[in-house]
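S.K.:
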Amino acid sequence: MVLDFLCEDGEKFGMFFKRVLMLALDLIDSKSRSQLFSFLSNCFGSLHVAGLRKQVAPLISISIWSNLSDWRLNQVLDQNVLLKKAWKSANRKYDNADDDKKGEIEFHRSWLFKVTLKFINSCLKGVEDDVLFVEAFIEFLTRLLSQVPTRRYTNTLLHDLNVPAVASLARFDIAPFVELLNYYAYFPIDDYTGEALTEKDAWKRHCRTLWDLQELAYSERYKDKLSLLSLANFDSIQNRVDLEEHLSQLSTEELFELAGEVGIRTNYDGAVNMKRKFVVECFIQKYSKKKNPKTLIDDLDFLPREKDLFSPVCDRLLRHQGNLSPLPIHRLDQQYLTLEDFWTRMLFVERAEYFCRARRFIERNVRELKPQTITIQRRQKHNYDEDDRDIFDEDAGNEQIKDVKLGGSSEYALKVLNNPAVLEVGAPLVGETKPSFVRVEVDVDLGKYSKRVARQWENLEPGQLVYLMNLESPIPSASNTWERLGLKALRAAEVVAVLDGNSVPLHRGKKDEDEDSDDDENDGQRRRYKKLRRKIHVNIDAVQYGLEHENVLINHLNVISKPVEKDFSKRRLSWMRSKFSSGRLPEFITDAFLGFGAPDELGPCEKVDFMDTFKSVQQAKKAMGEGVNVETASDPPYIVEKKQLLSYHFPNTGPYDENCIKPTPHKFTDEQLEAIVKLVNPGFNLIDGVQGLEQATVCAQVLNIIYNSFPHERTLVVAKTSTAITELMQLLQKLNVDDKRVVRLDLLPNGPYYSETRRKLLEQVEKLSSSIGISGAHGDSCETAEHFYSVYIGPMMEKFQRDTEAGEEVEKSFPFTNYFNDVNTVFDENQSEEEKLQVANGYMYHVRKLFESVEFLRPFELVHTPRAQRKYLTESAGRIVFTTTKDDINATFDNVVFLQSNVQSDVEGVGATPTPHQLRRVIVVGDHQQQPVFSDDEMMQRSSLLERFIRQSPITRLPQRPTDHRVRSGLIEMVEPQEPSDRRVQQNAGFLYPLQLINVEEDEESENYLRGEYENIGEAEYLVSLYRYMRLLGYPREKIDLVATTKGQKKRIDQIAKQKCKEGFFGAPTVFTAAEYCGERCNDYVLVSLVRTKIVAAAAVSRQITALVSRCVKGMYIVGKKALFSEYSRLGHRPSSEKDDLLVVTGELYNKTRRKTSESPNATKMVGLEHLSAYVEEMTQQRLAYESRSGLR
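Read left to right, the sequence shown gives residues 1 to 1193 (the UniProt record's numbering).
1) Please say whether Y336 and residue 1197 have beta carbons closer to each other than 9 Å?
2) Leaving out five residues on either side along the sequence, give the residues of the same chain with a beta carbon under 6 Å from the beta carbon of S1089.
3) Examine the Cβ distances between the stretch 827-841 and the stretch 869-879 and report whether three or more of them are shorter than 8 Å.
4) For E199, which residues from the same chain have a beta carbon less than 8 Å from its beta carbon, with the 5 sequence-adjacent residues on both sides left out?
5) Checking 9 Å against the spacing of the C-beta atoms, do V910 and S1025 come in under that value?
6) Would you mind working out which of K125, R577, Q75 sits nearest D299, comparing C-alpha positions?
7) Using the rule of at least 16 other Cβ atoms within 10 Å of the residue's Cβ for burial, across every protein chain shown, is Y1009 buried or exposed?
8) For I560, does the three-state DSSP call read helix, strand or coil?
9) Using CA coordinates, which residue listed in A24, T885, L732 is at the minimum distance from L117?
10) Is it the case that the Cβ atoms of D894 and E713 are separated by a distance below 9 Å?
11) Does the stretch 717-724 come close enough to the stretch 880-891 that 3 or more CB-CB pairs lie under 8 Å?
12) Could you pull the start and end residues of the beta strand (DSSP E) that F588 belongs to?
13) Could you give the first and the last residue of the continuous alpha helix (DSSP H) run that contains residue 1221?
14) If we count the other Cβ atoms within 10 Å of its Cβ and call it buried at 16 or more, is Y753 buried or exposed?
15) Which stretch, first to last residue, makes up the beta strand (DSSP E) that contains C1082?
16) Report yes if the C-beta distance between W482 and I536 is below 9 Å; otherwise report no.
17) Take Q1055 as the anchor and find which of N1016, V425, P1036 has the nearest alpha-carbon.
18) Can you check whether the CB of L487 is closer than 9 Å to the CB of E601?
19) So does the stretch 437-445 actually touch the stretch 409-429, counting three or more Cβ pairs closer than 8 Å?
20) Quick one, are the C-beta atoms of V702 and I725 less than 9 Å apart?
21) Which residue from V127, L112, R205 puts its Cα closest to that of R151?
22) Please report how far the alpha carbon of K644 lies from the alpha carbon of F610, in whole angstroms.
23) Give the DSSP-derived three-state secondary structure of V444 in the structure shown.
24) At the level of alpha carbons, what is the spacing between S227 and K289?
25) On the premise that L36 lies in contact with L27, defined as a C-beta separation below 8 Å, what is that separation, rounded to the nearest angstrom?
26) Report back the beta-carbon spacing between P586 and V924 to the nearest angstrom; my notes put them in contact at under 8 Å.
27) How long is the line joining the alpha carbons of T622 and E671, rounded to whole angstroms?
28) Between the alpha carbons of G509 and N459, how many angstroms are there, rounded?
29) How long is the line joining the alpha carbons of residue 1235 and E1038, rounded to whole angstroms?
30) Tell me which residues share the same chain as D191 and place their Cβ nearer than 7 Å to its Cβ, disregarding the 5 neighbours each side in the sequence.
31) Could you give the residue range of the beta strand (DSSP E) that holds N999?
32) With a threshold of 7 Å on Cβ separation, who are the neighbours of Y789 within its own chain once the five nearest residues in sequence on each side are excluded?
33) If you reduce the DSSP assignment to three classes, tell me which class P795 lands in.
34) Find the nearest neighbour of A165 within the set Y287, E363, T817, E1076, judged by alpha-carbon distance.
35) Suppose contacts are defined by Cβ-Cβ distances below 9 Å. Is P312 in contact with D173 by that definition?
36) Sorry if obvious, but does the Cβ on Q730 come closer than 8 Å to a heavy atom of the ligand COA?
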């Protein structure tokens, strides 16, 4: 957003950018340089901005290779002819330039070289003040190497300057930054073509370098001292210790000479002081084995320990301030190197976000518990003989043990009664050494907790995460953060089951006989103590279990804690890891998804049955363009075959309505018809429009055409919510799609449905066999029915066809006349033979459909479990399969349609994509004006699936129609400034403006310490008062939504609304969080509480307000601290937001105002919460008095 604004004036921004580049070279202050490179890092990560792309292009062009060593330059140019041509062209451009232009080119091509030399010197000198600059510069380099356009020439220069070796030798604690740099510097990709390297190709390249080193070591010059190196195996050469030992045989002069021959640069023109240690490290970096992305994610632990949660990376993430703070974490940019890079980055970011969330909860929870270490006496049990007992002292069996006393309490943490016991250790899986699982039993007592809290613990779901902790007294002098907090050790675990005291699994939702019979309204009160023992079985980290002292540690875990909200992060991370190899996209859209190419065009289909989609030839011609010949077509229906539009007649489908071809109930506009034609053709298509009925209608018609035109193709439809699926399925029921072939995975029919359908079909088969006089048990099962068709019915149909072709009368040859005896007249005497043949073919069509349905249901006689039935429907029987992003499907499809792509994250989109090699169509449907916030942290903000494609792909936009449920122009201009409109719209009754940011500073934000949820009582009171004011004016309750940006505020608003909306005419308001208010959800009026008053994430606020404004139709009123939020939102700069207090208009009622402008002589300012509350209370008393006088109460 800021960069777009800066680049509006290209000339001024060019001068500004050049000044920044010069300051990066000249400034000495480390903090200022770090801020400059943080800014440059964001610039190089925003190549989608055209003005910025023009400025950064000269800094990363091939001309920077003028700073390469001769060995490296010759090696690269000799291997690639195209690079040699580009290099010669760049030199020619420099030679032909005048002096001023040469100076500009020289500045650009030497800038990266010079700043890198400054970085090298800072790393080798180790001055403490330079650490900020070093971190910011490594972050800048990772940004360069993480995108194909910026990586192409820079990675060669950085390797020539030995930057990875320099970073590893830096005298600072920057290990996470070095790991991030090495990941991108050695990523398996061809820098010059952008093609991903397979694991085998990358290994071959590495082996080639090892072989070249051994050949050089075997030469006469080094044979005496490096004979062992020349004969060593590759694994030995890749080992740091072994390679150092081999190189120690050489003198410093010989080492430098060997480095020059293998391409390790040792000459920096005096800018860097080269030492032997530096050169050895360069050898190690070049020849050591590199971890590929798959190895990296396979080694990741998803169940955190205390060291993981309190690592330096988590520390930085929790205290970072905006984009100017260097962070050793992968960035989710507009571009990715490969799909493997995409999955790796997403996995690391999701893991870091989960760890930070877990740490916040653990810190709050431990502080709330206030642990204290105590010493207690426990008598040991001994199996002594009666005769030997007297030789021991009475106190000899007593021992002092340490225990923890919890000075506080928490409903989210329980003290463990006995030491956790390891129940079972699963055998390792094939090819692994770690146990498949390690199951631990934890005993707890829920007796002293309320019924509500006990039920929460008893209803723990399998796969839900809990934390086992060893708590003790805090140690203020400890070097570790967790020990200063009072946390000795922590292990995360997945719940397997919850059992009662007798080890019997509990059935969730069923009342236990030990429970109190207190009413739900007394839920929050403590009940009389009664022991309620429960056993929780959990799986701990199997990798950590095999380590030393892990068994001892498990026995000392004394507290179990569960997150406030159900957490299945480990399951999600494991799913993402499984998708690393299987999560793929078809080749024709991969480049577009990665951000550096447009989708490939696959060409139109040779034959498509559009049925009666077009109502006239003129409509068809306009939608298809000049490439289709329409001269021979007349009336609908139409079929396109070999670029020619042809008319045809619908075939006779029999006498029953169930088989009749349904006419298209919708009359499409020209824009919609163009969209339908594009979506039917193979390839990638993106449709952007208002979410609602019109968009769903287009999608339904496309599915209808594909279903009838390509009978062997299967389509997967992926949506975010079940509401969108329901709407689309209702539209498909009105079209020519067989309901049995449409499968909805989130709501599959149960067994009795298929049994009843099967029974009715077999009754028809039995009736058919009786009508043709063939006795037998043909209707006993689907198997016998299919045999009956193949032996009798099929041959009869073939015989009838032969007889009619030979000239026999249709009525006499037709074999199924008796079967259709429920029809008034099978054949009309007045019909011609041709007409009778068409009628007979319709009857034949009905018989074939009968046995096709029998064939569809036959597998249900063999598969009875819901899982097996689901697999059959998903993988073979279903022609159109609907699913949500929560389902994981492993099946083959020909087409995939993404509904609500604007609220699906890119991870969900790629993860839901079926096997890509067979895909012919990928259709992405969404609304770019409704973008949700996937993360509250700006650094971890993900893109939606629509965002990933919308910049690179051709877009089909559906125009807004008057009936569309869309925000009025006056509101959208508040967030997306447009050309001013002269159109006058009706204003909201009782309000001067349709949108206003109301300044409320009566209360500061407060944090529920345990839950970690922010709430603002003043804003909650104001929002409820505003809701009551609207209800008193006559606004319908269902037309108003209340939205809070935090879960704590949502609960606070609900609590206040229950107290203040008791009168029947108010009604309980509908309250959402900002994260919940997404997808197809929208309403006429939205009231928003921003909650925060101290610090806020700029990107999160901007996206949230934009998303919320796009989901209201007539008005939005935002309550918050204006001084804080106006910095981040353009709302603070709009005319309707210049007033700090709410401006109401008296004398107006809902649906009775005719005011057309935001001006009124009756406007009144509500100064603060007290003024509005008093005004609403006065209106309420008048309403009650009126109802009393009218006898309504």
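Glycine included, each C-beta is placed from N, C-alpha and C at the ideal position.
M.R.: Short version:
1) Given that the chain is displayed from residue 1 to residue 1193, the structure contains no residue 1197 and the question cannot be resolved.
2) For the purposes of this step, residue 1089 is taken as the residue at position 1089 of the sequence shown. Excluding sequence neighbours, S1089 sits near E1019, L1023, A1044, Q1049, V1119.
3) no
4) By 1-based counting over the sequence shown, the position of residue 199 is 199. Only P188, N292, K294 meet the Cβ criterion.
5) Position 910 of the sequence shown, counting from 1, holds the residue named residue 910. Position 1025 of the sequence shown, counting from 1, holds the residue named residue 1025. Not a contact, by the Cβ cut-off of 9 Å.
6) The residue given as residue 299 occupies position 299 in the sequence shown. Of the candidates K125, R577, Q75, the one whose C-alpha sits nearest the C-alpha of D299 is R577.
7) Within the sequence shown, residue 1009 is the residue found at index 1009, counting from 1. Any answer about Y1009 is weak, because its pLDDT of 39 lies below 50 and its placement is not dependable; what the coordinates show is given next. Classification of Y1009: exposed, given that the 10 Å Cβ count is below 16.
8) Reading the sequence shown from its first residue, position 560 is the one you call residue 560. The answer is strand: DSSP assigns I560 an E or B state.
9) As a first step, residue 117 is located in the sequence shown; it is residue number 117 there, counting from the start. Closest option to L117, Cα to Cα, is A24.
10) In the sequence shown, residue 894 corresponds to position 894, counting from 1. In the sequence shown, residue 713 corresponds to position 713, counting from 1. Cβ atoms of D894 and E713: closer than 9 Å.
11) yes
12) The residue labelled residue 588 in the question sits at position 588 within the sequence shown. It is not in any beta strand (DSSP E) - F588 instead sits in the alpha helix (DSSP H) that spans 587-594.
13) The shown model of the chain, from 1 to 1193, leaves out residue 1221, and the question about it has no answer.
14) Along the sequence shown, one-based indexing puts residue 753 at 753. By the 10 Å Cβ count, Y753 comes out exposed.
15) To locate residue 1082, count along the sequence shown from 1; it is residue 1082. Segment: none, C1082 is in no beta strand (DSSP E) and carries neither H nor E.
16) In the sequence shown, the residue the question calls residue 482 occupies position 482. In the sequence shown, the residue the question calls residue 536 occupies position 536. The answer is no: Cβ separation not under 9 Å.
17) Counted from its first residue, the sequence shown places residue 1055 at position 1055. Nearest of N1016, V425, P1036 to Q1055, Cα basis: N1016.
18) Here residue 601 refers to the residue found at position 601 when the sequence shown is read from its first residue. Here residue 487 refers to the residue found at position 487 when the sequence shown is read from its first residue. Against a cut-off of 9 Å, the Cβ pair of L487 and E601 comes out as no contact.
19) yes
20) Residue numbering aside, residue 702 sits at position 702 when the sequence shown is read from its first letter. Residue numbering aside, residue 725 sits at position 725 when the sequence shown is read from its first letter. Cβ atoms of V702 and I725: not closer than 9 Å.
21) Within the sequence shown, numbered from 1, the residue matching residue 151 stands at position 151. The residue with the shortest Cα to Cα distance from R151 is L112.
22) Position 644 of the sequence shown, counted from the start, is the residue given in the question as residue 644. Position 610 of the sequence shown, counted from the start, is the residue given in the question as residue 610. For the record, residue 644 in the displayed sequence is Gln; it is not Lys. Straight-line Cα distance between these residues: approximately 12 Å.
23) For this step, residue 444 is matched to residue 444 along the sequence shown. In the structure shown, V444 sits in a strand (DSSP, three-state: E or B).
24) Taking the sequence shown and counting its residues from 1, one reaches residue 227 at position 227. Taking the sequence shown and counting its residues from 1, one reaches residue 289 at position 289. Each residue's Cα considered, the two are about 22 Å apart.
25) The residue you call residue 27 lines up with position 27 of the sequence shown. The residue you call residue 36 lines up with position 36 of the sequence shown. Going by Cβ atoms, the distance from L27 to L36 rounds to 7 Å, so yes, they are a contact pair.
26) Here the question's residue 586 lines up with position 586 in the sequence shown. Here the question's residue 924 lines up with position 924 in the sequence shown. The pair is not a contact, with the Cβ atoms about 13 Å apart (cut-off 8 Å).
27) On the sequence shown, position 622 is the one that residue 622 refers to. On the sequence shown, position 671 is the one that residue 671 refers to. According to the sequence displayed, residue 622 carries Lys and not Thr. Computed Cα separation, rounded: 10 Å.
28) Numbered from 1 along the sequence shown, position 509 holds the residue referred to as residue 509. Numbered from 1 along the sequence shown, position 459 holds the residue referred to as residue 459. Annotation note: pLDDT 45 at G509 (below 50); position unreliable, coordinate value reported separately. Approximately 7 Å, taken between the alpha carbons.
29) Limits of the chain in this structure are 1 at one end and 1193 at the other, which puts residue 1235 out of reach.
30) As a position in the sequence shown, residue 191 is number 191, starting the count at 1. Cβ within range, chain order: R151, R152, N155, T156.
31) Taking the first residue of the sequence shown as position 1, residue 999 is located at position 999. It spans 995-999 - the beta strand (DSSP E) in which N999 sits, taken as one unbroken run.
32) Indexing the sequence shown from 1 puts residue 789 at position 789. Counting only Cβ-Cβ distances below 7 Å, and skipping sequence neighbours, we find F851.
33) Numbered from its first residue, the sequence shown carries residue 795 at position 795. It is helical.
34) Taking the first residue of the sequence shown as 1, we reach residue 165 at position 165. It is Y287.
35) Indexing the sequence shown from 1 puts residue 312 at position 312. Indexing the sequence shown from 1 puts residue 173 at position 173. Yes, the pair counts as a contact, with Cβ atoms nearer than the cut-off.
36) The ligand COA is absent from the structure shown, which contains no ligand whatsoever.
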